[in-house]
Amino acid sequence: MQEIQPWIGRYALTLVLTWGGLMVVGVLLSRFAGISLPGGAVAILPPIAAAMVTGQAWARQTGALPPNGPAWKLACVGALLYFMMQIVVAGGAFASLSRVTEGVVTPDRLFITFGLLAVLCVVSAGVGRLFLTFGAKSALKA
1 MQEIQPWIGR YALTLVLTWG GLMVVGVLLS RFAGISLPGG AVAILPPIAA AMVTGQAWAR
61 QTGALPPNGP AWKLACVGAL LYFMMQIVVA GGAFASLSRV TEGVVTPDRL FITFGLLAVL
121 CVVSAGVGRL FLTFGAKSAL KA
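The UniProt record's numbering numbers the first residue of the sequence shown as 1 and each following residue consecutively.
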């Protein structure tokens, strides 16, 4: 973990800011223009942005691509962080729904939601690893 410690903060900050920014843009577009952002894009763009920015910073500071092991560790830690963020949001949504509508929150729906979020976690780890390298390569070419 020592080799990725300087990068976790940048990854987390970019992830949270991108995620929050997309939520705000989505609400504004929906409210004022009647346009809704695609859920898949909103789900995967924060890990992509976080990995790109972190990969660029890594390359600028070290002058090299992230080694395979530390890059996977960082991508997996970032994916777990993103998973925890999504669990908090899903929990809040289910808590709100259970107060408004009786019977909406069932164990089956919770299980399905948790499963989908677990899949998103695995996908975001792979995407994070891929885009860490893409970000680093773009910084080294510049």
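Glycine included, every Cβ here is placed at the ideal spot set by N, Cα and C.
Do you know how far the Cα of residue j is from the Cα of residue i?
i	j	result
T133	T101	46 Å
C121	F32	32 Å
P46	V89	15 Å
A136	V42	23 Å
L118	F83	Residue identity differs from the one stated: residue 118 is Ala in this sequence, not Leu. Looking at the two C-alpha atoms, the distance is approximately 7 Å.
L52	G39	Before going on, a small fix: residue 52 reads as Met here, not Leu. Roughly 21 Å between the two C-alpha positions.
L110	K141	45 Å
L80	V105	24 Å
T14	L28	21 Å
G21	S124	18 Å
A64	W58	8 Å
By Cβ distance, which residues of its chain are closer than 7 Å to residue i, with the 5 residues on each side in sequence left out?
i	result
R129	A71, W72 and A75
Q86	L117 and L120
residue 167	Because the chain spans 1 through 142 in this model, residue 167 falls outside it and cannot be assessed.
Residue i: buried (16+ other C-beta within 10 angstroms of its C-beta) or exposed?
i	result
T62	exposed
V127	buried
S36	exposed
residue 154	This structure cannot settle anything about residue 154, because the visible part of the chain is limited to 1 through 142.
V77	buried
A95	exposed
I48	buried
Does any C-beta atom of chain D lie closer than 8 Å to the C-beta of residue i?
i	result
A125	The displayed structure is made up of one protein chain only, and chain D is not part of it.
Short of 6 Å in beta carbon distance, which residues of its chain neighbour residue i, apart from the five on each side in sequence? Order them along the chain.
i	result
G55	L132, G135 and A136
W19	P46
S30	S36
For residue i, which residues from the same chain have a beta carbon less than 8 Å from its beta carbon, with the 5 sequence-adjacent residues on both sides left out?
i	result
A12	A50, G78 and L81
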